[in-house]
Amino acid sequence: MTIRNRIALQFSLIVASILIVFSVLIYLVSATYRREEFYDRLKNKARTTVRFLIEVKEVDRELLKIIDRNTLTALIDEKVLIFDAKNRLIYSSVDDQVIYFKATLLDEVRQKKEIETFSGHNELIGLLYRQNGRDLVVLASAYDQFGKSKLENLRLTLGWGLLAGIGITIGLGIFFAGQSLQPISQINQQVSTITASNLQQRLDEGNRQDEIARLAMNFNDVMHRLYQAFEQQRSFVSHASHELRTPLAALKSEIQLGLRRPLTAPESEEILTNLLSDTDRLIGLTNSLLLLARTLETSNQVSFQSIRVDDVVFLAKDELVSAKPNYRIAIDYSNIPETETETLVKANESLLKQVLLNLFDNACKYSSDHTAQVRISTDSQYCRIAIQDKGIGMSEHDQAHIFEPFYRSTNALNYQGFGIGLSICAKLIELHHGTMTVNSQLGEGSTFTVSLPHL
Ligand code: ADP
Numbered sequence: 001m002t003i004r005n006r007i008a009l010q011f012s013l014i015v016a017s018i019l020i021v022f023s024v025l026i027y028l029v030s031a032t033y034r035r036e037e038f039y040d041r042l043k044n045k046a047r048t049t050v051r052f053l054i055e056v057k058e059v060d061r062e063l064l065k066i067i068d069r070n071t072l073t074a075l076i077d078e079k080v081l082i083f084d085a086k087n088r089l090i091y092s093s094v095d096d097q098v099i100y101f102k103a104t105l106l107d108e109v110r111q112k113k114e115i116e117t118f119s120g121h122n123e124l125i126g127l128l129y130r131q132n133g134r135d136l137v138v139l140a141s142a143y144d145q146f147g148k149s150k151l152e153n154l155r156l157t158l159g160w161g162l163l164a165g166i167g168i169t170i171g172l173g174i175f176f177a178g179q180s181l182q183p184i185s186q187i188n189q190q191v192s193t194i195t196a197s198n199l200q201q202r203l204d205e206g207n208r209q210d211e212i213a214r215l216a217m218n219f220n221d222v223m224h225r226l227y228q229a230f231e232q233q234r235s236f237v238s239h240a241s242h243e244l245r246t247p248l249a250a251l252k253s254e255i256q257l258g259l260r261r262p263l264t265a266p267e268s269e270e271i272l273t274n275l276l277s278d279t280d281r282l283i284g285l286t287n288s289l290l291l292l293a294r295t296l297e298t299s300n301q302v303s304f305q306s307i308r309v310d311d312v313v314f315l316a317k318d319e320l321v322s323a324k325p326n327y328r329i330a331i332d333y334s335n336i337p338e339t340e341t342e343t344l345v346k347a348n349e350s351l352l353k354q355v356l357l358n359l360f361d362n363a364c365k366y367s368s369d370h371t372a373q374v375r376i377s378t379d380s381q382y383c384r385i386a387i388q389d390k391g392i393g394m395s396e397h398d399q400a401h402i403f404e405p406f407y408r409s410t411n412a413l414n415y416q417g418f419g420i421g422l423s424i425c426a427k428l429i430e431l432h433h434g435t436m437t438v439n440s441q442l443g444e445g446s447t448f449t450v451s452l453p454h455l
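Going by full-length UniProt numbering, the sequence shown opens with residue 1, and the numbers climb by one from there.
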């Protein structure tokens, strides 16, 4: 069942139940009121008749019958019977009909003094009338044709009104549910036209206020992120193939050169040396690509422990300096916080070390003095590691792009590298819920700052 029909059905059921309850209530109240009113009329009739008969000397039975039959207020099928204490009928307003009555009914009237009951489809009341020690039982019965036909009219009116009301409610329910779900159908239509080739298409965000507009806005956000991821993937593949093609083309031309004519021993050595360096570059590049792929792949299975940032800084420094002895990492001890706990962060030691190694390596690589200044500081929320160098620096434009895979600034092209390290670092820091920023001046140097939330 569609949501539109479900809403319309629920709405109709609620309104129909309310209408039914009200109609039944109105009918029951009217029926009770009619009955009570009719019994009152019967009582008055019974009292008047017995008073005329007993108290007014001038009125005898025959006259009373005539009066009874000819009063304007005479009721349909009206009968008034008066019995004495021995159940003898002393007056009957009708004489051409056989009159049945039960002795038990008369006894009940004597007992209760007044009863309201039915006789066939007529209403009947019984009254005990006492005068001068005489107990008379008066029974009056009649058919309330006027009241019942009014009630019948009411029943018909309520029944048809109910049917019409339910019909109108269903119609309105379907119409309004359709109206309010219209924007969803539109969104549905727009979404069905989005394919991999037009990921840039966005949904109409309407008034940007209601729930459906917010759904469209959220969907657009997701589409934007998907588009970015898609674009990154595309540029990654094209960059990776480009980077691989250059050393492979160099390898090919070296080999072609070697095959062109017989080589002397020094020439062969030179060609082999070049081949070796190109192969090394290829291996380095493939390793970096593998590392990037693994970082993305395993990022959700990494285990975190509480570790001290200064310990990891020292570990990274030792590892880099022993691999590249001409590099110098100067750690500024003056800012290291006094209490141990201030440098405690939740991190994966080997991944954090990999980030620091990369940043230290870059700082030394891109500066003529091969020196990096490292400062550790803390504030109420973060533990910060700033890596500063006095190297080649970079322009503002480069600063905005260096965290993208394969991006290298033009002034760095003479230095060895693939432009992958910083993008891996950025992903790893993101994994640690931290941030990495760069502040640099072209030709003067750069400062990379890693901020990690401390415990
Ligand atoms: P690689 O150093 O292998 O090129 P990275 O991803 O580590 O790759 O760095 C990306 C780019 O950012 C570098 O090519 C360079 O242009 C710039 N860069 C990174 N660190 C520095 C630095 N300390 N000084 C100047 N430029 C830097």
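Glycine included, each C-beta is placed from N, C-alpha and C at the ideal position.
Just so you know, these numbers come straight off a predicted model, no measurement behind them.
Beta carbon of residue i nearer than 8 Å to that of residue j
i: D135; j: R155; result: no
i: L64; j: L53; result: yes
i: G159; j: F11; result: no
i: D369; j: K390; result: yes
i: L244; j: F219; result: no
i: L151; j: S23; result: no
i: T157; j: V15; result: no
i: I7; j: A177; result: yes
i: L106; j: E114; result: no
i: I376; j: I385; result: yes
i: D123; j: S149; result: Reading the sequence as shown, one finds Glu at residue 123 and not Asp. No, these two residues do not count as a Cβ contact at 8 Å.
i: C383; j: T341; result: no
i: residue 475; j: V450; result: There is simply no residue 475 to check, as the chain begins at 1 and stops at 455 in what is shown.
i: A240; j: L289; result: yes
i: M217; j: E205; result: yes
Delimiting residues of the alpha helix (DSSP H) encompassing residue i
i: E123; result: Per DSSP, E123 belongs to no alpha helix (DSSP H); it is in the beta strand (DSSP E), 122-131.
i: E396; result: 396-401
i: T437; result: Where T437 is concerned, there is no enclosing alpha helix (DSSP H), although the beta strand (DSSP E) it sits in stretches over 435-441.
i: S139; result: Reading off the sequence, residue 139 comes out as Leu, not Ser. Counting along the chain, L139 falls outside any alpha helix (DSSP H), though it belongs to the beta strand (DSSP E) covering 134-143.
i: E211; result: 211-260
i: Q354; result: 349-365
i: S423; result: 421-431
Counted within 10 angstroms of its Cβ, other Cβ atoms place residue i as buried (16 or more) or exposed
i: L359; result: buried
i: D398; result: buried
i: P262; result: exposed
i: V355; result: buried
i: V137; result: buried
i: E78; result: buried
i: P266; result: exposed
i: K353; result: buried
i: K365; result: buried
i: T246; result: exposed
i: S268; result: exposed
i: G171; result: exposed
i: K45; result: buried
i: D278; result: buried
i: L25; result: exposed
i: Y91; result: buried
Given residue i as reference, the closest of the options once Cα atoms are compared
i: F101; options: I429, N87, S93; result: N87
i: Q381; options: H397, L452, E269; result: L452
i: I283; options: V137, F22, F418, Q399; result: F418
i: G120; options: V137, V138, L431, Y143; result: Y143
i: T371; options: N326, Q189, R384; result: N326
i: D379; options: C364, S395, N335; result: N335
i: H454; options: T339, I90, S367; result: T339
i: I424; options: L291, E114, Q201, L151; result: L291
i: Y227; options: I429, S197, S446; result: S197
i: A229; options: Q200, D332, L357; result: Q200
i: L13; options: F403, G167, R214; result: G167
i: A426; options: F448, Q373, R130; result: F448
i: S238; options: F406, A293, Q145, R294; result: F406
i: T48; options: I26, D318, L25, L139; result: L139
i: I212; options: L413, L181, G434; result: L181
i: D302; options: N348, D68, N153, H242; result: At residue 302 the sequence reads Val, which differs from the Asp that was named. Of the listed residues, the one whose Cα sits closest to V302 is N348.
i: A85; options: A103, D68, S93; result: A103
Residue range of the unbroken beta strand (DSSP E) whose run includes residue i
i: I82; result: 76-83
i: F448; result: 445-453
i: K43; result: No beta strand (DSSP E) holds K43; the alpha helix (DSSP H) holding it covers 3-55.
i: Y407; result: Looking at the DSSP string, Y407 is not in any beta strand (DSSP E), and its letter there is neither H nor E.
i: W116; result: The sequence shown places Glu at residue 116, rather than the Trp named in the question. Element bounds for E116: 114-119.
i: S306; result: 305-308
i: A372; result: 371-378
i: A330; result: 328-332
i: A386; result: 382-389
i: residue 459; result: With the chain covering only 1 through 455, there is no way to say anything about residue 459.
Closer than 8 Å to chain C by CB, residue i
i: S409; result: Chain labels in this structure do not include chain C; a single protein chain is all it has.
heavy atom of the ligand NAP below 7 Å from residue i C-beta
i: I392; result: Here the bound small molecules are the ligand ADP; the ligand NAP is not part of this structure.
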